[in-house]
Every structure is written in structure tokens, then in C-alpha cells.
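Novice: Residue 1 is where the sequence shown starts when you use the UniProt record's numbering, and the numbers rise one by one after that.
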Amino acid sequence: MNLQLLINVRNQGGDVMQENITANVSEDTVTLEFLRLDGVYISQLVDFTNEVEAMKVVIPGEEELGQLGHQVLCFLTHAAQADFIAPDAMAKLRQKNPGTVRVAEEDKGWRQTTATAWAGRVTVLLSPAAARHCAPARDRVYIRSADLTRWTPRAGVEPSSFSSEVVPFPPQALTSDTSEGSPAVSVCVAENDATKECICHLEVCVNWYPCGLKYCKGKPQGGLSYRCGIKTCHRCFRYHFYVRRRDTCLNYT
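Below, the structure is given as C-alpha cells:
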């Protein structure tokens with residue numbers, strides 16, 4: 001059983017955007033998609049069975065800067081399951097007023113992720129659903145080593161295999177500073193040479209998503225609580241990742 005919701009959402013700037021949320025009960029996944037006003041497409045997939053979150057970002061090139069086509073990036077992190085309603089609960093949701101513009105009840109703030117490697121072949125070991133989701137990103141799928149130890153072993157796969165399947169960033173990208181106290185690899189916004197390596201920053205805000213269930217008390221005679229709604233949240237993500245050339249950091253900030 002699947003459910004698809006189209007939600008009108010007001011962002012923090014006051015603009016109204018539309019989110020598309022799909023719950024796939026058979027795959028135990030939830031996907032949230034929207035197009036930002038700047039033309040950047042965001043698609044967030046949560047695989048509950050495998051505890052994988054995959055954030056896909058499609059950035060259009062800016063013609064005036066000589067950037068042709070578009071760039072697809074994908075970031076894999078360990079999914080905090082309590083932060084998103086599970087697909088079976090999501091599939092029971094009903095929209096009473098589809099045209100209503102929604103505003104999240106709680107601001108969850110920022111979650112910062114510093115990638116340490118290209119995901120390589122580990123994506124398909126961790127989550128077939130995430131592998132399909134991130135396929136358009138090809139070699140621009142990023143992961144952090146800290147998460148590799150958090151995922152439970154998969155059937156027939158040694159936990160140590162996770163680390164051996166990723167492609168680590170070069171050592172200088174993983175070093176916080178040099179003996180002189182300056183970063184070994186500068187941030188892209190401070191790098192003037194388009195051919196130099198740097199650390200790219202990317203920010204994504206999900207303005208509205210179901211982050212919990214609400215329960216109401218029954219009549220005094222019964223006294224049992226029952227599910228009577230959802231709690232909604234807003235969260236922003238800040239990703240840091242290494243690029244071999246500054247001109248491949250299309251959205252550097």
C-alpha cells in the first residue's frame with residue numbers, strides 16, 4: 001500500500017512551496033520531494049528497515065557562469081527513525097483540506113554532516129532503495145565514516161565490508177589544519193582558483209515533514225489514548241564535502 005500527499009508549505013521566507021510525500025509500505029520507505037524557488041530540486045528518502053537516509057540534490061547550472069547542464073549530489077547518513085513517521089503510519093494519513101498552506105509546529109534547527117568519503121559500492125550494500133534513489137548522482141554520493149559503524153550488519157555482509165567499499169577523501173581533505181594553523185584544504189568560498197581542490201558547503205531546508213504522532217485521551221470510562229493527529233517539524237541540513245576542483249562546487253556558500 002502506498003500513499004502520496006501533496007502539501008502546500010510556507011517556508012521561513014514566507015513563500016509557498018509544494019512538497020510531494022510518498023510512503024511506500026512494502027519497501028518501508030518515505031520520500032519527500034520539492035523544487036526550491038532557485039530551481040534546486042530536493043528529494044529526501046528514508047529507508048526505515050535499513051536505517052539509511054539519502055538526501056538527493058539536483059543543482060541546475062548557471063548559464064551566465066558557463067555552467068552547462070545540472071549536477072546531482074547525494075548524501076547518505078544513518079537515519080534517526082524517531083525523527084520521521086514510519087511508512088505504515090504515514091499511509092493512514094488523510095488530507096482534510098488539501099489547499100491549506102501548512103507551517104511546521106517545531107523547528108528542529110540545523111543538522112551538520114561532514115562527509116569523509118565517496119560512498120562507492122557501499123550504497124547498494126546498505127540500502128537497495130537508496131542506491132536507486134542516488135543512482136543519478138553516480139560518483140557524487142557522499143558518506144561519513146562515523147555512520148559506517150552505526151549501521152547493523154546486513155545478511156551475508158561483514159560489517160568491515162562497509163569501510164572497505166567506500167573511497168576515502170585524500171588525507172589533506174581530512175586534516176583539520178596544518179602546522180601553521182591554517183586549514184589543509186580551504187573552503188570553496190575562499191578559493192579563487194577554479195582548478196584547486198576545496199571543501200564545498202551545501203545547505204538544504206525541509207520546511208515541513210511529519211516527525212511524530214499525536215495521541216489524545218479517550219473518554220473517562222475507557223481512558224485509553226488513541227492516535228489523533230501528527231506532529232510536524234522543520235529541519236535544515238548543512239553538508240560539507242571535498243571536491244577536486246572549485247568549479248565543481250556549483251552551489252558553494
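C-beta atoms are modelled at their ideal positions from N, C-alpha and C, and glycine is treated no differently. These figures come from a predicted structure and were not determined experimentally.
Once DSSP output is grouped into helix, strand and coil, what is the label at Pro98?
Specialist: Reading the sequence shown from its first residue, position 98 is the one you call residue 98. If DSSP states are grouped into helix, strand and coil, Pro98 belongs with coil.
Novice: Thr152 by DSSP, collapsed to three states: which one?
Specialist: The residue given as residue 152 occupies position 152 in the sequence shown. Coil, per DSSP.
Novice: To the nearest angstrom, report how far apart Met17 and Ser160 are at their CA atoms.
Specialist: Reading the sequence shown from its first residue, position 17 is the one you call residue 17. Reading the sequence shown from its first residue, position 160 is the one you call residue 160. Looking at the two C-alpha atoms, the distance is approximately 42 Å.
Novice: State buried or exposed for residue 293, treating a residue as buried only when at least 16 other CB atoms are found within 10 Å of its CB.
Specialist: This structure cannot speak to residue 293, because the chain is shown only from 1 to 253.
Novice: How about the region 157-173 and the region 88-95: do they share at least three Cβ pairs that are nearer than 8 Å?
Specialist: Flag = no, the region 157-173 and the region 88-95 do not touch.
Novice: Alpha carbon to alpha carbon, what distance is there between Val166 and Val122?
Specialist: Working through the sequence shown from its first residue, we reach residue 122 at position 122. Working through the sequence shown from its first residue, we reach residue 166 at position 166. Distance between the alpha carbons of Val122 and Val166 is about 6 Å.
Novice: For the alpha helix (DSSP H) containing residue 256, name the first residue and the last one.
Specialist: Limits of the chain in this structure are 1 at one end and 253 at the other, which puts residue 256 out of reach.
Novice: Would you mind working out which of Leu148, Trp118, Val141 sits nearest Pro168, comparing C-alpha positions?
Specialist: For the purposes of this step, residue 168 is identified with residue 168 of the sequence shown, where counting begins at 1. Checking every option, the nearest Cα to that of Pro168 belongs to Trp118.
Novice: To test your reading of the DSSP string, which unbroken alpha helix (DSSP H) runs of 4 or more residues are found completely within the UniProt domain "Out at first C-terminal" (188-251)?
Specialist: Here no run is fully enclosed.
Novice: Using a threshold of 9 Å, state whether the C-beta atoms of residue 276 and Pro170 are closer than that.
Specialist: The first residue shown for the chain is 1 and the last is 253, placing residue 276 beyond what the model contains.
Novice: Taking DSSP as the reference, what is the three-state secondary structure of Pro171?
Specialist: As a position in the sequence shown, residue 171 is number 171, starting the count at 1. Three-state result, Pro171: helix.
Novice: May I ask which residues mark the beginning and end of the beta strand (DSSP E) holding Ala54?
Specialist: Here residue 54 refers to the residue found at position 54 of the sequence shown. 52-60 is the span of the beta strand (DSSP E), which, as asked, contains Ala54.
Novice: Excluding the 5 residues flanking Glu203 on each side, which residues of the same chain have their C-beta closer than 6 Å to its C-beta?
Specialist: As a first step, residue 203 is located in the sequence shown; it is residue number 203 there, counting from the start. Excluding residues within five positions, the ones whose Cβ falls inside 6 Å are Arg238.
Novice: Whole angstroms are fine: how far does the CA of Leu148 sit from the CA of Gly156?
Specialist: In the sequence shown, residue 156 corresponds to position 156, counting from 1. In the sequence shown, residue 148 corresponds to position 148, counting from 1. Roughly 16 Å separates the two Cα atoms.
Novice: State yes or no: is the C-beta of Cys134 within less than 9 Å of the C-beta of Cys200?
Specialist: Position 134 of the sequence shown holds residue 134. Position 200 of the sequence shown holds residue 200. Against a cut-off of 9 Å, the Cβ pair of Cys200 and Cys134 comes out as no contact.
Novice: Do you know how far the Cα of Gly120 is from the Cα of Glu197?
Specialist: Here residue 197 refers to the residue found at position 197 of the sequence shown. Here residue 120 refers to the residue found at position 120 of the sequence shown. Using only the alpha carbons, I get a separation of about 20 Å.
Novice: When the distance is taken between beta carbons, is Leu6 closer than 9 Å to Pro98?
Specialist: Start at 1 with the first residue of the sequence shown, and residue 98 comes out as number 98. Start at 1 with the first residue of the sequence shown, and residue 6 comes out as number 6. Yes, Cβ-Cβ distance for Pro98 and Leu6 is below 9 Å.
Novice: Quick check on the DSSP output: the alpha helix (DSSP H) that includes residue 275 runs from which residue to which?
Specialist: The requested residue 275 does not occur in the structure, where the chain is confined to residues 1 to 253.
Novice: Does DSSP classify Arg132 as helix, strand or coil?
Specialist: Indexing the sequence shown from 1 puts residue 132 at position 132. Three-state result, Arg132: helix.
Novice: Reducing DSSP to helix, strand and coil, say where residue 264 ends up.
Specialist: The structure shown has nothing for residue 264, since the chain only spans 1 to 253.
Novice: Would you check if the distance between the CB atom of Val187 and the CB atom of Ala173 is smaller than 9 Å?
Specialist: As a working note, residue 187 is residue 187 in the sequence shown. As a working note, residue 173 is residue 173 in the sequence shown. For Val187 and Ala173, no; Cβs fall outside 9 Å.
Novice: Examine the Cβ distances between the region 103-115 and the region 222-234 and report whether three or more of them are shorter than 8 Å.
Specialist: With a cut-off of 8 Å, the region 222-234 and the region 103-115 count as touching, because enough Cβ pairs lie within range.
Novice: Which of the three DSSP states is assigned to Ala117 in this structure?
Specialist: Here residue 117 refers to the residue found at position 117 when the sequence shown is read from its first residue. DSSP places Ala117 in strand when its eight states are reduced to three.
Novice: Count the other C-beta atoms from every protein chain shown that fall within 10 angstroms of the C-beta of Trp110, then say buried if there are 16 or more, exposed otherwise.
Specialist: Working through the sequence shown from its first residue, we reach residue 110 at position 110. With fewer than 16 other Cβ atoms within 10 Å, it is exposed.
Novice: Mind reading off the beta-carbon distance from Cys211 to Asp83? Whole number of angstroms is fine, and I expect it under 8 Å.
Specialist: Mapped onto the sequence shown, residue 211 falls at position 211. Mapped onto the sequence shown, residue 83 falls at position 83. Going by Cβ atoms, the distance from Cys211 to Asp83 rounds to 6 Å, so yes, they are a contact pair.
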